[in-house]
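In this text, residue positions in the sequence shown follow our numbering: the first is 510, and each later residue adds one. Read through the structure below, which is laid out as structure tokens, and then see the notes.
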Amino acid sequence: MRASNFGEPKLAQPDFTRPGKLTAPGADSRLRAGPFPLKRILVLSDLTDVADNAAWRAGLLAREHGAWLRIVHVRPWHEGAVRAQRILETLAWRLQEHLRIAVVAQSLRGSLRREIAAAASGADLLVTGGSAGRWTRSWIADIHPDTLAQHCGLPTLVVRKAATQPYQRVIAGVQHGLGAPTSIAVASGMAGGPHVQMLREFGKDIELLPREHHGFESRAGQVEARIHHLAQATPGARMKEAPCVIFTRSLDVLLEKEEVLFPDLVVVPRAAGKLPPWIAPSLPRRLLAHTRADTLILQAIRPVPATSSLGDAPTPLGAHGANVWSS
Numbered sequence: 510m511r512a513s514n515f516g517e518p519k520l521a522q523p524d525f526t527r528p529g530k531l532t533a534p535g536a537d538s539r540l541r542a543g544p545f546p547l548k549r550i551l552v553l554s555d556l557t558d559v560a561d562n563a564a565w566r567a568g569l570l571a572r573e574h575g576a577w578l579r580i581v582h583v584r585p586w587h588e589g590a591v592r593a594q595r596i597l598e599t600l601a602w603r604l605q606e607h608l609r610i611a612v613v614a615q616s617l618r619g620s621l622r623r624e625i626a627a628a629a630s631g632a633d634l635l636v637t638g639g640s641a642g643r644w645t646r647s648w649i650a651d652i653h654p655d656t657l658a659q660h661c662g663l664p665t666l667v668v669r670k671a672a673t674q675p676y677q678r679v680i681a682g683v684q685h686g687l688g689a690p691t692s693i694a695v696a697s698g699m700a701g702g703p704h705v706q707m708l709r710e711f712g713k714d715i716e717l718l719p720r721e722h723h724g725f726e727s728r729a730g731q732v733e734a735r736i737h738h739l740a741q742a743t744p745g746a747r748m749k750e751a752p753c754v755i756f757t758r759s760l761d762v763l764l765e766k767e768e769v770l771f772p773d774l775v776v777v778p779r780a781a782g783k784l785p786p787w788i789a790p791s792l793p794r795r796l797l798a799h800t801r802a803d804t805l806i807l808q809a810i811r812p813v814p815a816t817s818s819l820g821d822a823p824t825p826l827g828a829h830g831a832n833v834w835s836s
């Protein structure tokens, strides 16, 4: 057995012989419509305080969306596996007691990239930790979060701020023709408050006419009208009376708005680039080097089968972490 599992969540029983009541996911949650349903959240842990904070943020999202939470630690050797499992079990117990969510915690042994990819199979969101302020590398084996997002093919949340309450202010960066409806819906779905702060910014680096061109204003008006239409047509989107959208790939624009609005979360799409990151860094990679806010890197989101149900519990773990999620 390559992985150890401290138990399965049981909907109608106490928490694996521990005190406390475990509530079924979705019992008290406010589920949101749209193309970003959170049913299974995967947290990568290196047993540090930064990783614990990421787990608490994932727990808040799990409670909000009625999702299962899975915490995974990967190490190449058996040494320290028992201690790691004990630490994860303690964290899982605290999350269950305080948030009343279903949690599975596992200490896996093997190749880091392979085990992470296997564990990510079937998950809807990957959550990892990041230190505050300027920071360019991940806490886990020097894998950058943008690389993790690409490797796993999942929306990836990089947590920096203390996870004390649901997200209240979210900034969404939207690129024309690259999943704008998804970006709008995800930003709305991640916010715990009643609104998402959306901004509009036109830059010379996007697919618009230059500002000095005589047709710029007309073209800009058409694009803004289209964004309003997308916001109205997106299920679950909740915005202020005059919604706007950051419509740019400009890092300076995102950082400028962050300094003014102090967002809890910045949502950015990850475009598939052909050049390696050390030659042409992606927007998420450049943003992560400067931002102090939590950052959600969007990927192409897989459609959820119509037969899926929030009541499905994780199945027993096999040789790897791939089969822990219900199908």
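The beta carbon of each residue, even a glycine, is placed where N, CA and C say it ideally should be. Only a predicted model underlies this, so the values are computations on that prediction, with no experimental measurement involved.
With a 10 Å radius around its C-beta and 16 neighbouring C-beta atoms as the bar for buried, classify residue i as buried or exposed.
i: residue 613; result: buried
i: residue 591; result: exposed
i: residue 671; result: exposed
i: residue 817; result: In this predicted model, residue 817 has a pLDDT of only 38, less than 50, meaning its place in the structure is not dependable; the value taken from the coordinates is given anyway. It counts as exposed.
i: residue 813; result: Confidence is the limiting factor: at residue 813 the pLDDT is only 45, short of 50, which leaves the residue's position unreliable and the question unanswerable from this model.
i: residue 633; result: buried
i: residue 620; result: exposed
i: residue 768; result: exposed
i: residue 573; result: buried
i: residue 557; result: exposed
i: residue 751; result: Interpretation of residue 751 is limited by its pLDDT of 36, a score under 50 that renders its predicted location unreliable; the figure taken from the coordinates is listed afterwards. Result: exposed.
i: residue 599; result: exposed
i: residue 650; result: The pLDDT assigned to residue 650 is 45, lower than 50, so where the model puts this residue is not dependable, and the model offers no usable value.
Using only alpha-carbon positions, find the residue among the options that is nearest to residue i.
i: residue 695; options: 807, 555, 589 and 565; result: 807
i: residue 805; options: 799, 798, 778 and 795; result: 778
i: residue 666; options: 795, 606 and 550; result: 550
i: residue 554; options: 628, 548 and 564; result: 564
i: residue 673; options: 763, 620 and 608; result: 608
i: residue 559; options: 637, 597, 678 and 630; result: 637
i: residue 678; options: 697, 625 and 624; result: 697
i: residue 773; options: 669, 598 and 546; result: 669
i: residue 776; options: 570, 699 and 681; result: 681
i: residue 593; options: 570, 618 and 768; result: 618
i: residue 803; options: 600, 762 and 700; result: 700
i: residue 795; options: 576, 557, 760 and 801; result: 760
i: residue 589; options: 799, 624, 616 and 635; result: 616
i: residue 625; options: 610, 599, 654 and 598; result: 654
i: residue 580; options: 570, 622 and 552; result: 552
i: residue 571; options: 766, 611 and 622; result: 611
i: residue 629; options: 799, 548 and 792; result: 548
i: residue 568; options: 627, 622, 595 and 676; result: 676
i: residue 801; options: 578, 623, 546 and 639; result: 639
i: residue 576; options: 546, 596, 799 and 771; result: 546
i: residue 622; options: 657, 631, 597 and 793; result: 657
i: residue 793; options: 763, 771 and 631; result: 763
i: residue 578; options: 635, 797 and 692; result: 635
Per DSSP, which residues does residue i bridge with? Please list them.
i: residue 806; result: 665 and 777
i: residue 638; result: 668
i: residue 837; result: In the structure displayed, the chain extends from 510 to 836; residue 837 sits before or after that span and is not available.
i: residue 700; result: 676
Spell out whether any CB of chain D is found under 8 Å from the CB atom of residue i.
i: residue 777; result: Protein chain content of the structure displayed is limited to a single chain, and chain D is not contained in it.
The stretch 656-671 / the stretch 575-595 touching (three or more Cβ pairs under 8 Å): no
Three or more beta-carbon pairs under 8 Å between the stretch 564-575 and the stretch 595-605, yes or no? yes
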